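So for the sequence shown, full-length UniProt numbering puts the first residue at 1; every next one is plus one. One structure is given below, encoded as structure tokens.
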Amino acid sequence: MKPSQASAGFTLQEMLVVMAITGIVAAAAIPSFRDFAIQRSINAQITDLTSAMRLARSEAIKRGREVSMCPTADPNRAKPGCNRWGYDWSTGYIIFVGSVKGNDQYIRIQQGYSNGGTIKADAWDAVRFRPNGVLKEGGARVFEFYPKHAQNDPSLMKLKKKVCLSDTGVLAQC
């Protein structure tokens, strides 16, 4: 008898078992990865908006003048203005020195978010910081961050987040 030679490779059965296990693991991981990617997108929007609000507040204190921030429907216009009927901040926003009516000195013009998420405010009013950094309109403001397609897919609503802006100008997740 000849000695048996060592096999070089996998049998069909071994390959099928590995493929089945890989498929099961992938099926379990893909939904979690989707939620993870959506959370990262929402967190990026939160970071952008909160840093812009901190900028507006610090500019009001630094300049000793009122600084306003409001959503804009068209940030690409030569002189964008506040969106009078909008609660949606995801289309873009502007930060400027002065009141809503006299927005001639822009500090920042922010484009809308390309990922399609939605940022809704609880009130239309522009966010206005007094020279001492306190909100001009008393009372806290709430901003809700929704994932893209949340209106059509109720399972995405669990991923929404809220950010509160206190009347003293302090931001926190709520």
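Heads up, the beta-carbon is just placed ideally off N, CA and C, and yes, glycines get one too. Predicted, not measured: the structure shown is a model, and the values here were computed from it.
N-terminal and C-terminal residue of the alpha helix (DSSP H) that Lys62 is part of: Leu12 to Arg63
Buried or exposed (CB count within 10 angstroms, at least 16 for buried), Trp89: buried
Reduced DSSP secondary structure (H/G/I, E/B, other) of Lys120: strand
Neighbourhood of Gln13 by C-beta distance below 7 Å, restricted to the same chain and skipping five residues each side: none
DSSP three-state assignment for Pro147, whether helix, strand or coil: coil
C-beta contact flag for Tyr93 and Gln110 at 8 Å: yes
Rounded separation between Leu156 and Thr11 - CA only: 43 Å
Segment contact flag, the segment 43-61 with the segment 123-139, C-beta cutoff 8 Å, min 3 pairs: yes
Cβ pair count under 8 Å reaching 3, the segment 32-43 against the segment 138-150: yes
Beta-carbon separation (whole angstroms), Glu66 vs Lys162, contact threshold 8 Å: Between Lys162 and Glu66 the Cβ distance is about 26 Å, and since that is not below 8 Å, they are no contact.
CA-to-CA distance, Thr50 to Ala27, given in whole angstroms: 36 Å
Beta-carbon proximity check, Gly133 vs Asp167, cutoff 8 Å: no
First through last residue of the beta strand (DSSP E) which encompasses Met69: Val67 to Pro71
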